[in-house]
Structures are given as C-alpha cells and as structure tokens.
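Structure, as structure tokens:
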C-alpha cells in the first residue's frame, strides 16, 4: 500500500516538475503563469491589459492570414452557387424591383415628414462619419458571438459604436484596440437591446441566443406579436438610433418562443460600416 | 549536398507538423469545437495535445501549448489564461499516464483521456459559469465531450500512422 502511494506521488511529481528534452519550462511553472494571468486579468491589472492588447493585435492579424485558404474556398463556393442560381434570382429581383420602385416614392415623402416632425419634438439625431471596416475574423466561438474588424482607435473607433451591414443593424463595438476592434453581434447571449415590433407598436427587448437567431423577451403584449412582423431599434436608453431595421419574426408551431430572424447573415459578413448617432445641435 | 538540405527541410516541417496543426486549429475561423451543427462538435486541440504529450512529448513544447492557449482565449473571447490552464492540465494528465504506463494500450489511454476531459470541462464550466458569468449550454458540453472522446481513437491512429510512416520514413532515409 505504502509503495503504491509512493509511486503515485513520484509519478505526479515527475509529471509536474520534469522537463523533457525540448521543454524549457516545467508544467508547474506554466500552470502558475496561467493562474496569474487569469487572476490579474479578472482584476483588470494594467500590465495584463497591455499584454492582452498586444496578443490581440498579433492574433487577429494571424487569424486572418491562417483563415485565408479556408475563406478562399468558401468565397469560391458561394460564387459558383450564386452563378447557378442566377436566372432564378434575376426573375425574383425583377418583380421585387417593381414593387420597391412604387414603395420608394412613398418612403421619400415619409422620411421628409419624419425629419420635420422629429425636429419639432427636438429628437433629431444625425449620423457621424461612417467608417468602413473589413471583417478579419468571425470565429464561431461557443462563448462569444463576435467579429473582429480591421479598424481601431487609430481610425476613430470608440466603444459602443453602432455596426451595420448595409442598412441593417449587426451589433456594437465592445473592445477597441489600436488597429482592430471586436464587435459583439446581436446573436450573442449577452446582447440585449430595446426594440419596437411593427405593426402594433410593441416595445420589447431583443436578446441573442448564441445561435443564428434572436428571441423577443419581456413584452407585456407578448401574445399580440404576429408572424412576419418587422423588428426595429426603439431608441430607448439612447443605445441606438430609433428605426434601424434588425430582422423579422418567425414563428415555430412546435415552440412558444418568439424567434427573430436577422436581416443580415452574420456568418457572411465581409465588410461592415461603423457609425455613431449624435443629437443634432445645429438647429 | 542539395538533396541533404532538402531532406532536412522536409524533416523539419514534418516534425513541426503537430505544432503547426495546433496553431492552425487555434487561429482558424473554422472551428471543430463549434461547427454550428446541433449534435456534433469536438475539441481537436484537446486530442492533439493529449496524444502528442503522451506519445511524443518532444514534439509539442509546453511553452508553445501555453502560448496556443493564450491565442485561443483571445480568438474565443474567454478570460485570458483559461485555455492555457486547461491545455496544461491535459499535459499533466498525459505526463502522469506516461510515467505510470509500462505497456501502452489505446483503450486505456482513451478512458484516461475521457476522465481528463470530463475533469477539464467541469473546471471550464465552473470557471466560466460561476466566476466569469458566461452562459454555457450544458447539453453542448456533453455532446462535445462525447465526440472528443470517440474521435480520440480515430485521430490517435491517424497521428500514429503519420508519425510512423511519414516522419519515420524520412528519418530512416
């Protein structure tokens, strides 16, 4: 019994402390380093933050290079797929274009009227300069739904700026480095934004699910939400400008959950625009 | 002379292959750990680190594993140092198994690997859920552990084949 316990201790000690032929550090010292990183990182220790920013810059660029071949294959696959569907898409586009032309005229009038009314109630916001950024990495982490973009504080990016794909909301910046930033997507579990559901003007909170879709939470008029309703930002809390389109409601017969399908496909983002909305003080 | 140089370069590349694979798996966008499929995901890095720490500890330096862990944390957005810690615990388990093993057996290695990843994932779950307030899906973790365990046998044979027939044949020449 004594001998087997001794053997166990010897094996464990050797595992922790013995350095192999190619090893410069023992496992114990590296484990010690990791724990120090973890503790100091959670305490927001300055040195660790600088190390983190340095690693971020290296990793984001390297990740973009390493993912090059894979992105090349995916892009080509999409190009071929698009070519095969070209005729069908063209027919669909033609009919949609006719509809949109008619709606556009009406929209223009509504936009002008809306501007005028918002000016009256002192709620008119204007867009800051839009920065276009390339998506460096969109690793589908199970812990964090985010993308890395190639613009940072050097280019005028700030924390909490609005990130959009064309006219659709994608998320906001949550980490800004010198040359790169991380954008928290709307699909992330921790993303919760105030929205309005039209028609019926239902105010609610849109929450990410960690998957491709989002869900509607905390609404008093939960039953009034209809299938295919459109979700816009409500502008509450001054987080986002009101009226940015986000997605549409998709009902599932098998579940009670009110799912939201985002207009933008977060897995296909290549370029995004970053902007912030500020109140118009020029009046 | 040129032939010898060329052979040396190939030998260098082949012997560094585990390290290259580890860094690619950590930095690449396409992650086996999160394929977007509901009932399939596995942790390739765990398999690679455990196998090479157990069978050929000289191929993967601990310091590289530590750095790969830091990179993994940055890419995944988890607290920095956490993946390094998990990777190194995996190395400790592999080193312990190597020390107590007289006659290597794939089944026993596999079972020991299962126990280790169960421990590591429990630790990860506790750390992320209770200390750092990340939300984790318990069911996904179970799926991930199961497939990581099952695929260990497949990758173990593949790595064995790679080491014996490709790296071995170059070294023998």
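Residue numbers (this note's numbering), protein chains in the order written: chain R, 24 to 306; chain H, 1398 to 1570. We put the CB at the ideal spot given by N, CA and C, even for glycine.
- Residue 1450 of chain H is not a Cβ neighbour of residue 1537 of chain H, given a cutoff of 8 Å.
- Cβ-Cβ distances below 7 Å link residue 1514 of chain H to 1443, 1542, 1545, 1546 in the same chain, with the five nearest sequence neighbours on each side left out; the list follows chain order.
- Where residue 1470 of chain H is concerned, there is no enclosing beta strand (DSSP E), although the alpha helix (DSSP H) around it starts and stops at 1459–1473.
- The C-beta distance from residue 154 of chain R to residue 287 of chain R rounds to 18 Å, too long to fall under 8 Å, and the pair is not in contact.
- Closer than 7 Å at the C-beta level to chain R, one finds these residues of the segment 1467–1501 of chain H: 1467, 1468, 1471, 1472, 1473, 1474, 1475, 1476, 1477, 1478, 1479, 1481, 1482, 1485, 1488, 1489, 1492, 1493, 1496, 1497.
- Within the segment 84–95 of chain R, contact with chain H at the beta-carbon level (separation under 8 Å) is assigned to 85, 86, 89, 90, 93, 94.
- A distance below 8 Å between beta-carbons, with the five flanking residues on each side excluded, links residue 1459 of chain H to the following residues of its chain, in chain order: 1485, 1488.
- Collapsing the DSSP output to three states places residue 200 of chain R in coil.
- With respect to the C-alpha of residue 253 of chain R, the residue from R/265, R/210, R/283, R/247 having the closest C-alpha is R/283.
- In this chain, the beta strand (DSSP E) harbouring residue 271 of chain R covers 268–273.
- Proximity to residue 193 of chain R across R/211, R/226, R/127, R/202 peaks at R/211, based on C-alpha coordinates.
- Rounded to whole angstroms, the separation of the alpha carbons of residue 285 of chain R and residue 224 of chain R is 19 Å.
- Under the three-state reduction of DSSP output, residue 263 of chain R falls in the coil class, being neither helix nor strand.
- In the three-state scheme derived from DSSP, where H, G and I count as helix and E and B as strand, residue 184 of chain R is classed as coil.
- When C-beta distances to chain R are compared with 8 Å, the residues of the segment 1529–1556 of chain H below that value are 1529, 1531, 1532, 1533, 1534, 1537, in chain order.
- By the rule that beta-carbons nearer than 8 Å mark a contact, residue 1440 of chain H does not touch chain R.
- Within the segment 1485–1529 of chain H, the complete alpha helix (DSSP H) runs of at least 4 residues fall at 1503–1523.
- Taking C-beta atoms under 8 Å as the contact rule, residue 229 of chain R and residue 216 of chain R qualify, at a distance of about 5 Å.
- Nearest to residue 180 of chain R by alpha-carbon distance, out of R/82, R/196, R/189, is R/196.
- Using a CB distance cut-off of 8 Å, residue 204 of chain R does not count as an interface residue toward chain H.
- In this structure, DSSP gives residue 236 of chain R a state outside helix and strand, which the three-state scheme calls coil.
- A straight line joining the alpha-carbon of residue 234 of chain R with that of residue 51 of chain R spans about 37 Å.
- Per DSSP, residue 80 of chain R is one residue of the alpha helix (DSSP H) stretching across 69–89.
- Per the DSSP secondary-structure output, residue 221 of chain R pairs in a beta bridge with R/253.
- When DSSP reads this structure, residue 191 of chain R sits in a beta bridge with R/188.
- Using beta-carbon distances, residue 157 of chain R does not count as an interface residue toward chain H, since no partner is under 8 Å.
- In the DSSP assignment, residue 286 of chain R falls outside any beta strand (DSSP E), carrying neither H nor E.
- Residue 153 of chain R carries a coil assignment under DSSP once its states are collapsed to helix, strand and coil.
- Inter-segment contact for the segment 1467–1486 of chain H and the segment 1413–1423 of chain H is present: three or more beta-carbon pairs are separated by less than 8 Å.
- Distance from the CA atom of residue 1411 of chain H to the CA atom of residue 1447 of chain H, rounded to whole angstroms, is 19 Å.
- For residue 1424 of chain H, at least one C-beta of chain R is nearer than 8 Å to its own C-beta.
- Secondary-structure assignment with DSSP links residue 205 of chain R through a beta bridge to R/171, R/198.
- The beta carbons of residue 281 of chain R and residue 218 of chain R sit no closer together than 8 Å.
- Residue burial is scored here from C-beta neighbours: residue 73 of chain R has fewer than 16 other C-beta atoms within 10 angstroms and is therefore classed as exposed.
- When the five nearest sequence neighbours on each side are left out, the beta carbons in the same chain lying within less than 7 Å of the beta carbon of residue 1529 of chain H are those of 1476, in order along the chain.
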